[in-house]
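Top to bottom, those sequences are chains A and B. All residue numbers in the first sequence are consecutive under my numbering, ending with 251. All residue numbers in the second sequence are consecutive under my numbering, ending with 114. For every residue, glycine included, the Cβ atom is placed at its ideal position computed from N, Cα and C.
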Amino acid sequence: GAVVSQHPSWVICKSGTSVKIECRSLDFQATTMFWYRQFPKQSLMLMATSNEGSKATYEQGVEKDKFLINHASLTLSTLTVTSAHPEDSSFYICSANTRTGSNQPQHFGDGTRLSIL
Amino acid sequence: GESVGLHLPTLSVQEGDNSIINCAYSNSASDYFIWYKQESGKGPQFIIDIRSNMDKRQGQRVTVLLNKTVKHLSLQIAATQPGDSAVYFCAEMGGTSYGKLTFGQGTILTVHP
Numbered sequence: 135g136a137v138v139s140q141h142p143s144w145v146i147c148k149s150g151t152s153v154k155i156e157c158r159s160l161d162f163q164a165t166t167m168f169w170y171r172q173f174p175k176q177s178l179m180l181m182a183t184s185n186e187g188s189k190a191t192y193e194q195g196v197e198k199d200k201f202l203i204n205h206a207s208l209t210l211s212t213l214t215v216t217s218a219h220p221e222d223s224s225f226y227i228c229s230a231n232t233r234t235g236s237n238q239p240q241h242f243g244d245g246t247r248l249s250i251l
Numbered sequence: 002g003e004s005v006g007l008h009l010p011t012l013s014v015q016e017g018d019n020s021i022i023n024c025a026y027s028n029s030a031s032d033y034f035i036w037y038k039q040e041s042g043k044g045p046q047f048i049i050d051i052r053s054n055m056d057k058r059q060g061q062r063v064t065v066l067l068n069k070t071v072k073h074l075s076l077q078i079a080a081t082q083p084g085d086s087a088v089y090f091c092a093e094m095g096g097t098s099y100g101k102l103t104f105g106q107g108t109i110l111t112v113h114p
């Protein structure tokens with residue numbers, strides 16, 4: 135149980151294009167999902183908290199107009215990297231909790247590797 | 002401040018040895034801690050967790066120790082196998098960051114046959 139799926143797993147695109155990444159909870163409903171960014175040989179950095187039916191909460195230093203988050207249902211959150219540039223190339227990972235309001239492990243997707251040419 | 006990942010330390014062990022991976026966490030208000038395993042090109046996989054009212058918890062081949070006095074967490078892997086080779090992250094939750102995970106820097110574990 136508690137499976138989180140991301141799509142696509144790998145995307146290569148030209149500079150200036152926008153890229154949408156999907157995060158789905160397959161066997162549970164997730165009121166809250168989280169988006170992380172990971173550079174090679176580094177740790178995961180939280181970008182934003184995605185809340186179903188409301189605006190996402192962004193961490194300090196993350197541009198909300200650059201990284202658009204939509205959480206329109208209890209099983210789907212999307213991250214759109216707008217006007218992507220080479221410096222946006224990274225590994226993007228989402229996670230979700232099976233329950234809200236309590237400390238519990240987050241379940242992670244397998245990430246999306248984004249390469250901007 | 003929060004734990005920020007820079008370049009990852011490494012640990013090399015022989016197959017069959019026990020491994021100990023250490024983590025220093027930053028927030029004294031954190032009350033929940035998790036160890037994750039991340040294989041190349043994949044997302045983190047849950048290994049074991051511990052709450053702040055405990056100082057030890059055991060799973061299958063793994064043990065987590067928590068020392069709140071010095072804000073230190075460790076993961077012990079018994080009889081390490083080549084399949085255990087991965088990056089291991091500790092993560093903390095609680096205090097003002099309730100519900101959000103803050104990841105430690107991670108350790109690259111390499112198990113030699």
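### Message
Helix, strand or coil for residue 84/B? Go by DSSP, reduced to three states.
### Response
One-based indexing of the second sequence puts residue 84/B at position 83. Note: residue 84/B maps to helix in three-state DSSP.
*Is it true that the CB of residue 112/B sits closer than 9 Å to the CB of residue 16/B?*
Position 15 of the second sequence holds residue 16/B. Position 111 of the second sequence holds residue 112/B. Their beta carbons are under 9 Å apart, which means residue 16/B touches residue 112/B by this criterion.
Q. In three-state DSSP terms, what is residue 114/B?
A. Translated into the one-based positions of the second sequence, residue 114/B becomes position 113. Coil at residue 114/B, not helix or strand.
Can you give the beta carbon distance from residue 90/B to residue 105/B, rounded, assuming they're within the 8 Å contact cut?
-> By 1-based counting over the second sequence, the position of residue 90/B is 89. By 1-based counting over the second sequence, the position of residue 105/B is 104. Between residue 105/B and residue 90/B the Cβ distance is about 6 Å, and since that is below 8 Å, they are a contact.
Cβ contact (3+ pairs, closer than 8 Å) linking the segment 201-220 of chain A and the segment 176-189 of chain A = yes
Legend entry - Residue-level contact to chain A via CB, residue 59/B, 9 Å cutoff: Locating residue 59/B in the second sequence gives position 58, where the first residue counts as 1. Chain A, which has no Cβ nearer than 9 Å to the Cβ of residue 59/B, makes this no.
**OP:** Within its chain, find whatever has a CB closer than 7 Å to the CB of residue 96/B; leave out the 5 residues flanking it on each side and keep chain order.
**Re:** What you label residue 96/B is simply residue 95 of the second sequence in a count that begins at 1. 28, 30 and 31.
Next item on the list: Taking only the alpha-carbon atoms, compute the straight-line gap between residue 20/B and residue 60/B and give it to the nearest angstrom.
Entry: Along the second sequence, read from residue 1 onward, the residue named residue 20/B stands at position 19. Along the second sequence, read from residue 1 onward, the residue named residue 60/B stands at position 59. If I take the Cα positions, the gap works out to 15 Å.
Practice task
Would you kindly report the start and end of the unbroken beta strand (DSSP E) that includes residue 246/A?
Solution key: Working through the first sequence from its first residue, we reach residue 246/A at position 112. Counting along the chain, the beta strand (DSSP E) containing residue 246/A begins and ends at 246-250.
Original post:
If you count every other CB in all the chains shown that lies within 10 Å of the CB of residue 103/B, and 16 or more means buried, which is it?
Top reply: Start at 1 with the first residue of the second sequence, and residue 103/B comes out as number 102. Counting Cβ neighbours within 10 Å, residue 103/B comes out buried, since at least 16 surround it.
Going by beta carbon distance, what residues of the same chain come within less than 7 Å of residue 231/A, once the five residues before and after it are set aside?
-> As a first step, residue 231/A is located in the first sequence; it is residue number 97 there, counting from the start. Within the same chain, residue 231/A has close Cβ partners 164, 166, 238 and 240.
Check: So which of 149/A, 169/A, 153/A and 148/A has the shortest CA-CA distance to residue 139/A?
Finding: By 1-based counting over the first sequence, the position of residue 139/A is 5. Residue 169/A is the option with its Cα nearest to residue 139/A.
query: Thinking C-alpha only, which one of 45/B, 36/B, 13/B and 76/B is nearest residue 226/A?
result: The residue labelled residue 226/A in the question sits at position 92 within the first sequence. Of 45/B, 36/B, 13/B and 76/B, the residue nearest in Cα terms is 45/B.
Q) Closest Cβ-Cβ distance between residue 178/A and chain B: below 9 Å? A) Residue 178/A sits at position 44 when you count from the first residue of the first sequence. For residue 178/A, the answer is yes, since a Cβ of chain B falls inside 9 Å of its Cβ.
* Spatial distance of residue 195/A from residue 12/B (CA atoms) -> Position 61 of the first sequence, counted from the first residue, corresponds to residue 195/A. Position 11 of the second sequence, counted from the first residue, corresponds to residue 12/B. Whole-angstrom Cα-Cα distance: 32 Å.
Exercise. If we cut at 9 Å on Cβ distances, does residue 45/B have a partner in chain E?
Worked result: No chain E is present in this structure, whose protein chains are A and B.
What's the C-alpha gap between residue 150/A and residue 215/A?
One-based indexing of the first sequence puts residue 150/A at position 16. One-based indexing of the first sequence puts residue 215/A at position 81. Roughly 10 Å separates the two Cα atoms.
Along the chain, where does the beta strand (DSSP E) containing residue 32/B start, and where does it finish? Taking the second sequence and counting its residues from 1, one reaches residue 32/B at position 31. Where residue 32/B is concerned, the enclosing beta strand (DSSP E) stretches over 31-39.
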